[in-house]
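Residue numbers (our numbering), protein chains in the order written: chain H, 113 to 267; chain W, 358 to 1171. Here a beta-carbon is modelled for each residue, glycine too, at the ideal position from N, C-alpha and C. Notes to accompany the following structure.
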Amino acid sequence: MIGELLVVARIAGRACAFGALDVRSVIEIGTVTPIPRAPAWIAGIAALRSQALTVIDCRRAIGLAGGAGEAAWPTDHRAIVVSEGGHSYALLVDMIEDITTAASEAGQVPGGFGAEWSRIASGMVETMAGPALLVDLSALLAGPEGLSREIETAA
Amino acid sequence: MDDLLADFIAETREMLEASGGELVAWEADPTDRARLDAIFRFVHTVKGNCGFFDFPRLASLSHAAEDALADCRAGRREPDQRLVTAVLAIIDRIAAMVDAIEAKEPFPEGGDEDLIAGLDVSRETPENPALEGVCEGSGPPLHAPASALLGSGEEQAPAGRRSDSAAAAVAAATAQRTIRLPVELLDRVMSGVSDMVLARNDLAHRLRQAGTQPTIDGPFERLTTILSDVRDAITRMRMQRIETLFAALPRMVRDLSAELGKQVMIDLDGGDVELDREMIETIRDPITHLIRNAIDHGIESPSARLAAGKREIGLLSIAARQSGNTISIVISDDGRGLDEERIAAKAVATGLITEAERAAMPREKLLNLIFEPGFSTAETVSNVSGRGVGLDVVRQNLEKVGGSIAVKSQPGEATLFRLQIPLTLSIIAGLTVEIAGQRFAIPQSYVEEIVQASSQALDFTRLGETALVTFRGNRVPCLMLGEVLGLASESTPAEPTLVMLRLASGDLFALAVEGIHGHGDIVVKPLAPAVMRTGLYAGSTLLDDGQPVLLLDVANIAAQANLMAETRGRVFKPLAQAEAAAEPAARAMLFTDFAGRRAAVRLELVQRIETAPASAIDRSAGRPRVVIDGMILPLVGLPDTPLAQSKLRLLRLSDGACDLLYAVREVEDAVELADTLRPVPEDPFAEGITLVAGQPVTLIDAHALFAAHGEAPLPANRPRAVLPEGDWARSILAPLVAAAGYEIVAPAEAGPDALGILFEDVYEAAEALGRPLPPRVIRLRDQPEAPPASGTIYRYDREGLLAALVAARKGGAA
Chain H
113 MIGELLVVAR IAGRACAFGA LDVRSVIEIG TVTPIPRAPA WIAGIAALRS
163 QALTVIDCRR AIGLAGGAGE AAWPTDHRAI VVSEGGHSYA LLVDMIEDIT
213 TAASEAGQVP GGFGAEWSRI ASGMVETMAG PALLVDLSAL LAGPEGLSRE
263 IETAA
Chain W
358 MDDLLADFIA ETREMLEASG GELVAWEADP TDRARLDAIF RFVHTVKGNC
408 GFFDFPRLAS LSHAAEDALA DCRAGRREPD QRLVTAVLAI IDRIAAMVDA
458 IEAKEPFPEG GDEDLIAGLD VSRETPENPA LEGVCEGSGP PLHAPASALL
508 GSGEEQAPAG RRSDSAAAAV AAATAQRTIR LPVELLDRVM SGVSDMVLAR
558 NDLAHRLRQA GTQPTIDGPF ERLTTILSDV RDAITRMRMQ RIETLFAALP
608 RMVRDLSAEL GKQVMIDLDG GDVELDREMI ETIRDPITHL IRNAIDHGIE
658 SPSARLAAGK REIGLLSIAA RQSGNTISIV ISDDGRGLDE ERIAAKAVAT
708 GLITEAERAA MPREKLLNLI FEPGFSTAET VSNVSGRGVG LDVVRQNLEK
758 VGGSIAVKSQ PGEATLFRLQ IPLTLSIIAG LTVEIAGQRF AIPQSYVEEI
808 VQASSQALDF TRLGETALVT FRGNRVPCLM LGEVLGLASE STPAEPTLVM
858 LRLASGDLFA LAVEGIHGHG DIVVKPLAPA VMRTGLYAGS TLLDDGQPVL
908 LLDVANIAAQ ANLMAETRGR VFKPLAQAEA AAEPAARAML FTDFAGRRAA
958 VRLELVQRIE TAPASAIDRS AGRPRVVIDG MILPLVGLPD TPLAQSKLRL
1008 LRLSDGACDL LYAVREVEDA VELADTLRPV PEDPFAEGIT LVAGQPVTLI
1058 DAHALFAAHG EAPLPANRPR AVLPEGDWAR SILAPLVAAA GYEIVAPAEA
1108 GPDALGILFE DVYEAAEALG RPLPPRVIRL RDQPEAPPAS GTIYRYDREG
1158 LLAALVAARK GGAA
């Protein structure tokens, strides 16, 4: 983990880190075509050259209700393009902060990060740009209902 | 050299795959010369290629097989079971050696001689007859029997090598040339071309803004054409016929059935169905697995089959079909079928279901338990199917690509597996519709018809939350796309556009949209799982302008709305009187003619709306005519003044026999003639005047129009005439005959009903010699004065000739 390249972005004002190997590119997001009846955390689809991207609203995917945070943290229309399970996603974040290297292993903090954040985080990682939550992509892309569904299947 | 070697390996592999099926087919029918030739070509090519590289063992093996096959080709030897097995063994050895060559591993020594001995090439075969026999075939390979070359370091005599390369050239010319490419490269090229199309569209937009620029527009048009060609080719590059998968199956079935002591016949159908290359790779293992299962567990041993009163040979049939945006592959066998009781017992034993559940379970549902994880009914694990890989893995693999599998079975009679595979990443024809400002695509295959009419004409009714429309006398459920998608749209527009969709089950329903945007081929890309879970979309695609568009999952939408009848539902018909009330509203095409008058013509008459350049109008012959699709058609409705516009909108009207074109300034719409018609005796071409949306509209009197202007389009069914030979006939007689409505044909093409025009002397000679004459003849004479009692016409007697031609035409028509 130490020395691994990370893309640090802010989601709802919090620093989050994505493994640089997962990140295919960072794009300026254009028109997003909404998908009717899709979960709220899926903002829609957008075209990246000749490819269709599923645009994920990270705040909602984490499970943060819009509300107060919405206005407090301005966004800069850039998105992180990742691919998971053969599909390409564009992650809408507040802003892309930095590309840096990990300075520690991913670890837990006492008390956790809060239910929503804990679900999508593999832990806290120290970076050259300060501490950040290391994002678990597949958990993030499962969406907030992923949590409840897991419970359902387990039951 | 490495490249050459890689090519050799790839080519050999490809041919190996293809020849497996050929061999089995040949075994089934040893007289099948085409199969024999194909296999011969394979071993021959391998042998020829080995000459380039230093593979003496490969060369001697292929050489021996070639010899044996050459004997069969020459008829000196009957292909029998033993020979086929021996040739198969050699081909297997060649495959194993090629694998070793690729892996750069040494291949274990020895064993080749046994294989070659298995062929039992007669050492006594005299060389000369061999040469003659082979020369009868397509290739001229000159070589000694294998025995003479075995163990000798020199594989081929120089003479042999020369003719080999010639034969290889022949083989190469007949087989389609292929190369191998990594799929990623194809994807890159494909997305590059798509980007290019987007860039072109952007450029087109800017060019339009800049106005007409002849120096740029020409090359730009060319670029557009080339680009669409390239795109077409690229998209087809990803597609592959399912044949490539099928080719290996006969061999597999043969080997398996031999191993298990069963007799199985394989029947393949639908090899021309095209599927994405990657998808073919994905379904390869599941299909192989199902075939193994069918042969191992399904089809009984010959004795058991006979005892059960079946044919000794089991039938395994595999059929691929494309239906809509899915491919269905059906694998069926006429074996013992699935044992419901054993499946149930096993399911209960493994805790999949409880006894109570089992009692309530219908047979079909029970059978499909075999796809549950950890389920396997085979009591003895054979090395053929029960390898710990169960049907659950098959289902998993198929579901991974969005497919499904189901099983049906008749005990003691048959088992049928149906695989449904989506056409993701492939191209389908799609219709783009619009709702609430957003576009969606619908697979064209579902679309039965597009109807645009007033709610009144469609008899649009709301029953509770459901809507119904009347289409062709049937009440059809109607879904509002806006409601299905939860998009805000104004409540039921006055003139909804209805897309009539026909489901695979045969059920029909209407989907109300706000507008049709266009149609064309779309490249369907898979959607993220979270989006698929909505059950509304089957994929996404990019339109030409780069806008992403979602492809609606029509079947699923219908299922969610409970429109898919479990059993064929009753078709509700409106009451007869309601039908009668809806019936009389005649429909007409509304347009503005060149006199500025709003007029309409009954819709049944309108064949289509044509657009022709003004230059296509020919006014030279009294009344104007236009050439459309190679037909000369009369044109009415033109203004007397010269035309201002360069293009002309024309309504093509037809009364069934005659076509005519009606020039209009503007085509407005199809309307209903709900109001009463008031006759206008002063205008001979008007059937009457009626009100459409409060405006007066003249309805054209089609009867008068066709009576005055109609003429049958020229090339249709003209009587044929054969002219005498010579320049005179060609240059002077022919135009007259053609003007009388005849088609001039060469004597060889003349049918039995053709009119013959002959000079009197030719006619008399033919009659005297008893040669066949056409049944209807016009005889011409050279002298103006007619000899008494002659049925001839002077060749410059214009009236006489025309009368005779008209008479002959009437006689021919009668």
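Residue i to residue j span [Cα, whole Å]
i       : j       : result
D1084/W : G1127/W : 27 Å
P1104/W : F1063/W : 36 Å
E697/W  : L724/W  : 7 Å
M636/W  : P539/W  : 15 Å
R982/W  : G794/W  : 44 Å
E967/W  : G994/W  : 14 Å
I599/W  : R634/W  : 9 Å
A713/W  : V705/W  : 10 Å
I879/W  : A786/W  : 6 Å
L1010/W : D1058/W : 12 Å
N558/W  : V1102/W : 49 Å
T818/W  : R172/H  : 40 Å
A132/H  : I157/H  : 23 Å
L415/W  : L555/W  : 52 Å
K461/W  : N406/W  : 18 Å
V804/W  : C128/H  : 47 Å
I114/H  : I168/H  : 28 Å
E1044/W : R980/W  : 23 Å
Boundaries (first-last residue) of the alpha helix (DSSP H) holding residue i
i       : result
F913/W  : Rather than Phe, the amino acid found at residue 913/W in this sequence is Asn. Residues V911 to Q917.
F397/W  : R390 to C407
F774/W  : No alpha helix (DSSP H) contains F774/W, which is instead part of the beta strand (DSSP E) from A771 to P779.
Q438/W  : Q438 to E459
C429/W  : P413 to A431
K1202/W : What is shown of chain W runs 358 to 1171, which leaves residue 1202/W out entirely.
K722/W  : R720 to L724
E228/H  : A227 to I232
V554/W  : V540 to A567
Which residues DSSP lists as bridging residue i, in chain order
i       : result
A615/W  : Its beta-bridge partners do not exist; DSSP assigns none.
G875/W  : T789/W
S137/H  : V193/H
M596/W  : D633/W
P991/W  : R982/W
C835/W  : A824/W and A867/W
Y201/H  : T166/H and V194/H
R1077/W : E1100/W
A676/W  : D626/W and V687/W
M857/W  : E806/W and A867/W
Where residue i falls, given that 16 or more other Cβ within 10 Å makes a residue buried
i       : result
T582/W  : exposed
R668/W  : exposed
Q679/W  : buried
R1138/W : buried
T369/W  : buried
S551/W  : buried
A1161/W : buried
H1066/W : buried
H199/H  : buried
S614/W  : buried
H401/W  : buried
Residue j beta carbon less than 8 Å from that of residue i
i       : j       : result
A952/W  : L992/W  : no
L204/H  : I141/H  : yes
I366/W  : L418/W  : no
D691/W  : L672/W  : yes
R693/W  : G666/W  : no
R190/H  : I139/H  : yes
A1061/W : F1042/W : yes
First and last residue of the uninterrupted beta strand (DSSP E) at residue i
i      : result
M207/H : M207 to T213
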